[in-house]
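Trainee: In this note's numbering, the protein residues as written are 681 to 882. For every residue, glycine included, the Cβ atom is placed at its ideal position computed from N, Cα and C. Nothing here was measured: the structure is a model prediction, and the numbers come from that model. Input: one structure, supplied below.
Right under this line is the structure:
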């Protein structure tokens, strides 16, 4: 019930003049604390003003990555003081511990990309996990830009080209859209293995 109320409140922000500011704020806090994806606000805003869809995609990407950096720093420097109580408060500490115990640095690179593209696992979980495990910050930023930027700019392209039909189509074909994202992930990870691993030390 509370979750639905928050979603409705988030969508209602799309009609306000201050919507771009709210988009930046929600994209920022989603990366390390908020449980509603920025897409919930981004898509209605872009549908209302499709000519600005790419501008809104930039706002969402920039603040999502910026929030990711903050989340990484929290995980790196303040796990016991801030991150652990925060995860316990949102009933996600157990899931976090499972990932922490079972995830290698290489697989975390995969999780960061999948999360940025699909929100699975939640962005804030992978962001905080990257900080806790001391994942390379520059590689973290690169993966966030590529994955989260791809998601928002894909929405922008679909909305400008097809309007509201794009989101309806995406919802209807979500079952095969997820494997497509996974294939894109494998491609990006392959590029990392071939070209980037010598430059970024995990």
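1. For residue 788, does the count of other Cβ atoms within 10 angstroms reach 16, so buried, or fall short, so exposed?
2. Please classify residue 816: does DSSP put it in a helix, a strand, or coil?
3. Is there at least one non-hydrogen atom of the ligand PLP closer than 6 Å to the beta-carbon of residue 837?
4. Could you tell me the boundaries of the alpha helix (DSSP H) in which residue 699 lies?
5. Alpha carbon to alpha carbon, how far is residue 744 from residue 815? Give it in angstroms, no decimals.
6. Expressed to the nearest angstrom, what Euclidean distance is found between the alpha-carbon atoms of residue 795 and residue 757?
7. To the nearest angstrom, how far is the alpha carbon of residue 826 from that of residue 793?
8. At which residues does the alpha helix (DSSP H) containing residue 755 begin and terminate?
9. Alpha carbon to alpha carbon, how far is residue 777 from residue 731?
10. Starting from the C-beta of residue 762, find all residues in its chain whose C-beta is less than 6 Å away, skip the five residues before and the five after it, and write them out in chain order.
11. Using CA atoms only, rank isn't needed, just tell me which of 708, 736 and 720 is closest to residue 837.
12. In the DSSP assignment, find the unbroken alpha helix (DSSP H) run with residue 728 in it and report its ends.
13. When the Cβ atoms of the region 770-784 are set against those of the region 798-808, are three or more pairs found closer than 8 Å?
14. With DSSP run on the structure shown, which of helix, strand or coil describes residue 715?
15. Taking C-alpha atoms, which residue in 725, 703, 768 and 716 lies nearest to residue 742?
Mentor: Looking at the atomic coordinates:
1. Taking the first residue of the chain shown as position 1, residue 788 is located at position 108. Here residue 788 is buried: its Cβ has 16 or more other Cβ atoms, across all protein chains shown, within 10 Å.
2. For the purposes of this step, residue 816 is taken as the residue at position 136 of the chain shown. Residue 816: coil per DSSP, three-state reduction.
3. This structure simply doesn't include the ligand PLP, nor any ligand for that matter.
4. Against the chain shown, residue 699 aligns to sequence position 19. That run of the alpha helix (DSSP H) goes 699-710.
5. Looking up residue 815 in the chain shown gives position 135. Looking up residue 744 in the chain shown gives position 64. So the two alpha carbons sit approximately 18 Å from each other.
6. Position 115 of the chain shown, counting from 1, holds the residue named residue 795. Position 77 of the chain shown, counting from 1, holds the residue named residue 757. Spanning the two alpha carbons is a distance of roughly 22 Å.
7. Position 146 of the chain shown, counted from the start, is the residue given in the question as residue 826. Position 113 of the chain shown, counted from the start, is the residue given in the question as residue 793. Cα to Cα, the separation comes out at about 8 Å.
8. By one-based count along the chain shown, residue 755 stands at place 75. It spans 733-757 - the alpha helix (DSSP H) in which residue 755 sits, taken as one unbroken run.
9. Taking the first residue of the chain shown as position 1, residue 777 is located at position 97. Taking the first residue of the chain shown as position 1, residue 731 is located at position 51. Taking C-alpha positions only, residue 777 is separated from residue 731 by approximately 43 Å.
10. Indexing the chain shown from 1 puts residue 762 at position 82. 754.
11. Counted from its first residue, the chain shown places residue 837 at position 157. Cα-wise, what sits closest to residue 837 is 736.
12. As a working mapping, residue 728 is identified with position 48 in the chain shown. In the DSSP assignment, residue 728 falls within the alpha helix (DSSP H) that extends over 719-728.
13. Output reads yes: the region 798-808 touches the region 770-784.
14. Counting from 1 along the chain shown, the entry for residue 715 is found at position 35. DSSP places residue 715 in coil when its eight states are reduced to three.
15. For the purposes of this step, residue 742 is taken as the residue at position 62 of the chain shown. It is 703 whose Cα lies nearest to the Cα of residue 742.
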